[in-house]
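S.K.: Here you go, one structure.
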Amino acid sequence: MTGKMDCYGLTQTGSKQLQNQDQFLIADLEKSMRIHLSSLSLDNHSRVFGNSQAKLLMVAEGTGNPETGDLASRLATDSITRYFLNNMPWFLQWDEESDDDMCDALINAFEQCQQRMESDVQEHPERAGMGASLTLAYMVWPQLYVVHTGHTRCFLYRQSNLHQLTRDHSLAERLVTNGTLEADEVPEIWKNLLLNSIGGDGDSVLNPDICKMQIQMGDALLLCTDGLTKHVPDSVISEILGQDTMANDTCVSLLNEVKDRGGTDNTTVVVARFLDLGDQDVAMIDSLDVETGNTQPTPKAKILKPKQKPIAGKRNG
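Adding 233 to a residue's 1-based position in the sequence shown gives its number in our numbering.
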């Protein structure tokens, strides 16, 4: 069966925000070859690209004051991008034997991002306290890896059900999970007190979560900043993802819903739909061709828990 991955992303500034500190990225990963000399009809030093073989999706939200928060989210996004280009072993064909190496490499991407943030603060002490929430989705068909820290989120919409694949790393989430408080009893300010994010206080230790699962045709993936989830309930997000629309229209609908509900915070969404070609138009922007032959039941998402480390709290500005 042949399928198509349709991706799109949008971001908007909140009504009470002076600056948008969110970032997002959608990228195809592919092999390339730079031609130096050839008897073929190719220009010297031209570059030839292979087919897209994997997909990288990211959303990042800066923490700190508006200036340093924007810089932090840009540093985080740029650091991950450079890691994939220059440092990460390329596992473009997924199999069980390479799975542990893949997870290690993805965690290492976040650790190098942390190191870059810390180095920047050492060079510019006035930027102390800046940080970023970051959620990354990396797919080598049909395997999906989601790596996450902070309170950006990743959702999977499958067969009319919405599943949150990430958990918020905030004081509010910890209190609710521990049963100390009910969700409606948590002060709003505690939802912005992050216990685990990139950068932040100099004595913090990064401890990202990683989740892995297999994608099916008909699934939809949503990565977002908390500007969406603090304004729009999960039931409405599920309803929008359940509409038979392309990814770009879905993103527009999600942001319009935020606006209609007051939308005070910056909001960023990235949507990926996994479509059986069937009668769908094959000319899709930002698409990834995927060949699927998986007839086995899709396993549930598996959360891989790294060793717990003490983490200093970081407040989202």
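In this text, a Cβ means the ideal position worked out from N, Cα and C, and glycines have one as well.
(1) On the three-pair Cβ rule with 8 Å, is the stretch 481-499 touching the stretch 459-470?
(2) My assumption, with CB atoms under 8 Å, is that leucine 243 sits in contact with valine 502. Please give the rounded CB distance.
(3) Just the C-alpha distance for asparagine 481 and glutamate 300, rounded to the nearest angstrom, thanks.
(4) Is the separation between the beta-carbon of alanine 453 and that of arginine 400 shorter than 8 Å?
(5) Over what stretch of residues does the beta strand (DSSP E) that includes isoleucine 259 continue unbroken?
(6) Quick one: what does DSSP say asparagine 320 is sitting in, helix, strand or coil?
(7) Under the rule that 16 or more other beta-carbon atoms within 10 Å means buried, what is methionine 335, buried or exposed?
(8) Looking at the secondary structure, which residues open and close the beta strand (DSSP E) in which lysine 288 lies?
(9) Using 8 Å as the Cβ pair cut-off and three pairs as the minimum, do the stretch 257-271 and the stretch 346-363 touch?
(10) How many Å lie between methionine 363 and glycine 302 at the Cα?
(11) Would you mind giving the Cβ-Cβ distance between glutamate 344 and leucine 439, rounded to the nearest angstrom? I have them listed as a contact below 8 Å.
(12) By alpha-carbon positions, which one of Asp477, His384, Glu359 and Val504 ends up nearest to glycine 295?
(13) Cα separation between leucine 456 and serine 272?
(14) Here's a check: name, in chain order, each residue in its chain whose Cβ is nearer than 6 Å to the Cβ of alanine 309, leaving out the five neighbours to either side.
(15) In whole angstroms, what is the alpha-carbon distance linking glutamine 447 and glutamine 376?
(16) In terms of residues, what are the limits of the beta strand (DSSP E) holding isoleucine 473?
(17) Based on Cα-Cα distance, which residue from Ser486, Met479 and Gly451 lies nearest to aspartate 509?
M.R.: With the given structure in hand:
(1) Result yes; three or more Cβ-Cβ pairs closer than 8 Å.
(2) At roughly 6 Å, the Cβ-Cβ gap stays under 8 Å, so leucine 243 and valine 502 are in contact.
(3) When rounded, the separation of the alpha-carbon atoms in asparagine 481 and glutamate 300 is 29 Å.
(4) Not in contact: alanine 453 and arginine 400 (Cβ atoms no closer than 8 Å).
(5) It spans 255-262 - the beta strand (DSSP E) in which isoleucine 259 sits, taken as one unbroken run.
(6) The three-state reading of DSSP puts asparagine 320 in coil, since its state is none of H, G, I, E or B.
(7) Counting the other Cβ atoms within 10 Å of the Cβ of methionine 335 gives 16 or more, which makes it buried.
(8) Where lysine 288 is concerned, the enclosing beta strand (DSSP E) stretches over 287-296.
(9) Counting C-beta pairs closer than 8 Å gives fewer than three between the stretch 257-271 and the stretch 346-363, which falls short of the contact rule.
(10) Per the coordinates, the alpha-carbon of methionine 363 lies some 6 Å from the alpha-carbon of glycine 302.
(11) Right, their Cβ atoms sit about 6 Å apart.
(12) Ranked by Cα distance from glycine 295, the options Asp477, His384, Glu359 and Val504 are led by His384.
(13) Near 46 Å, if we compare the C-alpha coordinates of serine 272 and leucine 456.
(14) Only Ala293, Cys346, Ala365, Leu367 and Ile431 meet the Cβ criterion.
(15) In a straight line, the C-alpha of glutamine 447 is about 5 Å away from that of glutamine 376.
(16) Not the beta strand (DSSP E): isoleucine 473 falls in the alpha helix (DSSP H), residues 467-474.
(17) Proximity to aspartate 509 across Ser486, Met479 and Gly451 peaks at Gly451, based on C-alpha coordinates.
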